[in-house]
Amino acid sequence: MPTAHFRFHDTLNFFLPRASKDRLINHDYEGRVSVKDMIESLGVPHTEIEMIVINGRSVDFNTIVQHGASINVYSTLFVPQIPNPEPLRPPYPGRPKFILDQHLGRLAAYLRMMGFDTLYRNDYHDEELAQVSHDETRILLTRDIGLLKRSAVIYGYFVRETNRRKQLAEITVRYSLKDQVIPFSRCMKCNGLVEDVPRESIEDQLPEGTARYYDTFHRCTSCGQIYWKGAHHQRMQALLKEVLE
Ligand SMILES: [Zn+2]
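If you want this note's numbering, it's the 1-based position in the sequence shown plus 342.
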C-alpha cells in the first residue's frame with residue numbers, strides 16, 4: 343500500500359489526535375488522492391493551511407500525492423521561504439468581512455462594535471453559511487471543523503478560544519484587526535451603519551431621564567436602535583481597550 347509522510351507545523355497540530363501531534367505521520371492510502379483530501383482526512387480543514395510543501399516544492403491543493411512523498415503543511419503562523427510559492431487561495435481583498443456560526447453571537451456583536459461588517463443569525467444552516475461566505479467573500483468563523491472542510495469555503499478560521507473576550511483577542515490578532523478598528527460605527531444588534539442624531543429628534547424614544555444626562559446620540563440606519571455614551575458604552579470601550587492592548 344502506498345504511504346505518504348506528513349509533518350504538520352505549529353497551530354495545525356491542534357486538529358490532530360493526541361498520538362499524532364508534533365510528530366511525523368506515516369499515512370497509508372489507496373488510489374489517486376489529492377493532497378487537500380488527504381490532509382482533511384487526517385483532521386485539518388483546508389482553510390487553516392497557508393502552504394503545502396511536497397519533497398521541497400510548494401504545491402496547490404489539487405496535487406495528487408505520490409507514494410513516499412514527504413509532505414510539510416504550514417499555517418499562517420510560519421511560512422518557509424520557498425522558490426515559486428504556490429498560493430492556496432487569492433490574498434484576502436480589502437477590509438475583513440465576517441460571517442459567524444450560531445454559537446458565536448457575542449463575538450459577532452463585538453466585531454460589529456469594532457466596525458467590521460459581520461453577518462450573524464442564530465438560524466443559519468451550514469450550507470447557507472458556507473455559500474454566503476463564498477459568495478460575499480466573508481471570513482467564516484466557527485467552532486465546527488466539518489463546516490470549514492466544505493469546499494465552498496475559501497476564507498475561514500476555527501475559533502480556538504471559548505471565552506468571548508479571549509475569542510475577540512484571538513480574532514484581532516489572527517486578522518490584524520487592531521489598525522482597522524472604527525469603534526461604534528456599526529449596530530451591535532443588526533450590523534447596520536450608525537449615524538449621529540440630534541437629541542431633539544429622538545428624545546421621545548429614550549428611557550426616562552437619560553436624555554438629560556447625555557449630549558451625543560447615534561442611531562442605527564437599519565433597525566433604528568439608539569446608542570448613547572452610557573454605562574454600556576463605557577463597558578464596551580473598556581473591553582476594546584483591553585483587547586487592543
Ligand atoms: Zn441596527
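All C-beta atoms, glycine included, are put in the ideal place defined by N, C-alpha and C.
Check: Looking at the unbroken alpha helix (DSSP H) that takes in R436, where does it start and where does it end?
Finding: Stepping through the sequence shown from its first residue, residue 436 is reached at position 94. Before going on, a small fix: residue 436 reads as Gly here, not Arg. That residue, G436, is in no alpha helix (DSSP H); it is neither H nor E in DSSP.
Note to self: I need the boundaries of the beta strand (DSSP E) containing I367, first residue and last residue.
What the structure shows: Position 25 of the sequence shown holds residue 367. Looking at the DSSP string, the run of the beta strand (DSSP E) that includes I367 is 367-370.
Next item on the list: May I ask whether a heavy atom of ligand 1 can be found less than 7 Å away from the beta carbon of S493?
Entry: Looking up residue 493 in the sequence shown gives position 151. Outside the cutoff, so no.
Notebook entry, point to check: How far does the alpha helix (DSSP H) with Y452 in it reach, from first residue to last?
Noted result: Position 110 of the sequence shown, counted from the start, is the residue given in the question as residue 452. Residues 447-455.
Check: Nearest to D557 by CA position, among W570, E512, A411, is which residue?
Finding: Residue numbering aside, residue 557 sits at position 215 when the sequence shown is read from its first letter. Looking at the Cα atoms, W570 is the closest of the given residues.
Notebook entry, point to check: Going along the chain, which residues of its own chain have a beta-carbon closer than 7 Å to the beta-carbon of G457, five neighbours each way excluded?
Noted result: Start at 1 with the first residue of the sequence shown, and residue 457 comes out as number 115. The residues are V523, I524, P525, S527, R528.
Check: Across which residues does DSSP place M393 in a beta bridge pair?
Finding: Your numbering for residue 393 matches position 51 in the sequence shown. Note: M393 sits in a beta bridge opposite Y416.
Checklist line | Close beta carbons around V375, own chain, < 6 Å, minus the five adjacent residues each side | finding: Working through the sequence shown from its first residue, we reach residue 375 at position 33. Same-chain partners within the cutoff: V407.
Checklist line | Of the listed residues L453, P429, G566, E478, nearest to E512 (C-alpha basis) | finding: Position 170 of the sequence shown, counted from the start, is the residue given in the question as residue 512. When each option's Cα is compared against that of E512, the closest is L453.
Notebook entry, point to check: On the three-state DSSP scale, how would you describe A346?
Noted result: Here residue 346 is taken as the residue at index 4 of the sequence shown, counted from 1. DSSP places A346 within a strand segment (E or B) once states are collapsed to three.
Next item on the list: Quickly, what does DSSP pair C562 with across the bridge? List them, please.
Entry: Your numbering for residue 562 matches position 220 in the sequence shown. Answer by DSSP bridge pairing, in chain order: V536.
Notebook entry, point to check: Would you report the Cα separation of V377 and I396, rounded to the nearest angstrom?
Noted result: Numbered from its first residue, the sequence shown carries residue 377 at position 35. Numbered from its first residue, the sequence shown carries residue 396 at position 54. Looking at the two C-alpha atoms, the distance is approximately 9 Å.
Checklist line | R480 and I441 closer than 8 Å at C-beta | finding: As a working note, residue 480 is residue 138 in the sequence shown. As a working note, residue 441 is residue 99 in the sequence shown. Contact flag set, yes.
Note to self: Applying the 10 Å Cβ sphere with the 16-neighbour rule, what's the burial state of K491?
What the structure shows: Locating residue 491 in the sequence shown gives position 149, counting from the first residue. K491 is buried by the Cβ-count criterion.
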